[in-house]
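Below is one structure, written out as C-alpha cells; comments come after it.
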Amino acid sequence: MGTREETRELVLEAAESLFLAKGLLEVSMEEIAAKASCTRRNLYRYFDTKEALSIEVLRKLLSPWNDFQLQTFEQLRSSGLSGKEELVSFLKTLARYLETHKPLLRFTAEFDFVFRERSSFQLDVSSEESLFAEFQFTEKLIIQILEKGEGDGSLRIPSSLAILVPTITTVLWGLGQRVALRETLIPREFGVNGMELVQTQIDLLVLALETKEGPGEKKEN
Numbered sequence: 001m002g003t004r005e006e007t008r009e010l011v012l013e014a015a016e017s018l019f020l021a022k023g024l025l026e027v028s029m030e031e032i033a034a035k036a037s038c039t040r041r042n043l044y045r046y047f048d049t050k051e052a053l054s055i056e057v058l059r060k061l062l063s064p065w066n067d068f069q070l071q072t073f074e075q076l077r078s079s080g081l082s083g084k085e086e087l088v089s090f091l092k093t094l095a096r097y098l099e100t101h102k103p104l105l106r107f108t109a110e111f112d113f114v115f116r117e118r119s120s121f122q123l124d125v126s127s128e129e130s131l132f133a134e135f136q137f138t139e140k141l142i143i144q145i146l147e148k149g150e151g152d153g154s155l156r157i158p159s160s161l162a163i164l165v166p167t168i169t170t171v172l173w174g175l176g177q178r179v180a181l182r183e184t185l186i187p188r189e190f191g192v193n194g195m196e197l198v199q200t201q202i203d204l205l206v207l208a209l210e211t212k213e214g215p216g217e218k219k220e221n
C-alpha cells in the first residue's frame with residue numbers, strides 16, 4: 001500500500017478501536033487523529049465528517065460478520081438438515097457469534113440512533129443502496145432457508161417472504177442490540193443472561209413456523 005492508503009487504514013483502525021471502547025458519541029475526531037498519529041487536518045483529508053468515517057467503520061465491522069454468515073450457511077446447506085433444522089442452527093449460530101461480538105451490536109445501535117434520523121445525514125443513492133445490501137445479507141440467506149423448509153414440509157410460511165423475513169431480522173437484531181446496550185442491567189432486572197432472551201426468541205420463531213408433520217409428509221384432507 002502507498003502512504004495514503006496506509007494512513008487511511010490507520011485512521012479506520014483508530015476510529016474502530018475508540019468507537020468500540022468508548023461509544024460513538026464519546027469519541028471526537030481529535031482523539032481519532034491522535035490515536036492514528038496524524039494531524040486533525042490530515043484526518044479530514046480522508047474523512048470530511050464523523051458520519052463519513054463512521055460509515056466506513058460500519059462497513060469494516062460488517063465484512064467479517066457477513067463472511068461468517070455465508071460460511072455458516074454453506075456448512076449447513078451441505079449437512080443434509082431439513083429446512084427447520086437449518087433455520088434453528090443458522091439463527092442460533094449467529095446468536096452465539098454476536099454474543100462474543102457485542103461491540104458490533106452496540107455500535108450499530110449507536111450508529112442508527114446518532115445518524116440515521118438526522119436530516120443532515122444524507123447518503124447518495126448508490127452509497128445507501130450499497131450499505132443496505134450489506135445489512136440485508138442475512139435476509140438473502142434466510143429466504144433460501146425458509147424456501148427449503150417450505151419445500152421439504154418442515155416449515156410453513158404464513159405471509160409473504162418480503163414481509164416475514166425483515167420481520168424476523170428486525171426483531172432479532174433489535175433485541176440483540178438492546179441486550180448488548182443493557183448487558184449488565186438485564187441480569188439485574190430479570191435474573192437471566194441477556195442472550196438467553198435472544199435464544200428464546202429464536203425458539204418462539206421456529207415454533208410459530210414449524211409444521212406439525214415431519215419433512216416430506218403431507219397433510220391429510
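What the sequence shown shows, in the UniProt record's numbering, is residues 1 to 221, in sequence order. Cβ coordinates follow ideal geometry from the N, Cα and C atoms, glycine included. Given the structure is predicted, the values throughout are model-derived calculations rather than measurements.
Fully enclosed alpha helix (DSSP H) runs of no fewer than 4 residues occupy 29-35, 40-46 of the UniProt DNA-binding region "H-T-H motif" (28-47), in order along the chain. DSSP places residue 81 outside both helix and strand once states are collapsed to three, so it counts as coil. 8 Å or more divides the Cβ of residue 201 from the Cβ of residue 138. DSSP places residue 205 inside the alpha helix (DSSP H), whose first and last residues are 194-209. Residue 57 places its beta carbon 8 Å or farther from that of residue 38. Comparing alpha carbon positions, the residue from 154, 47, 24, 136 closest to residue 83 is 154. Counting C-beta atoms within 10 angstroms of its own C-beta, residue 145 has 16 or more neighbours from the protein chains shown and is therefore classed as buried. According to DSSP, residue pairing for residue 24 in a beta bridge does not occur.
By DSSP's assignment, residue 53 forms no beta bridge with any residue. Taking a contact as a CB-CB distance under 8 Å, the pair residue 20 and residue 31 does not count as one, their CB atoms being some 13 Å apart. In this model, residue 156 and residue 149 are separated by some 7 Å (Cα to Cα). With a contact defined as Cβ atoms closer than 8 Å, residue 43 and residue 52 miss out at about 11 Å. Judged by beta-carbon spacing, residue 98 lies within the 8 Å limit of residue 105, meaning their Cβ atoms are closer than that value. Rounded to the nearest angstrom, the gap between the Cα atoms of residue 199 and residue 95 is 7 Å. Between residue 174 and residue 88, the alpha-carbon positions lie close to 18 Å from each other. The C-beta of residue 33 has 16 or more other C-beta atoms within 10 Å across all chains shown, which makes the residue buried.
Cα atoms of residue 114 and residue 181: separation of roughly 14 Å, rounded to the nearest angstrom. If you ignore the 5 residues before and after residue 81, its C-beta comes within less than 8 Å of the C-beta of 89, all in its own chain and listed in chain order. Judged by DSSP secondary structure, residue 174 falls within the alpha helix (DSSP H) whose first and last residues are 161-181. Judged by beta-carbon spacing, residue 54 lies beyond the 8 Å limit of residue 132, meaning their Cβ atoms are not closer than that value. Here the alpha carbons of residue 76 and residue 168 stand approximately 19 Å from one another.
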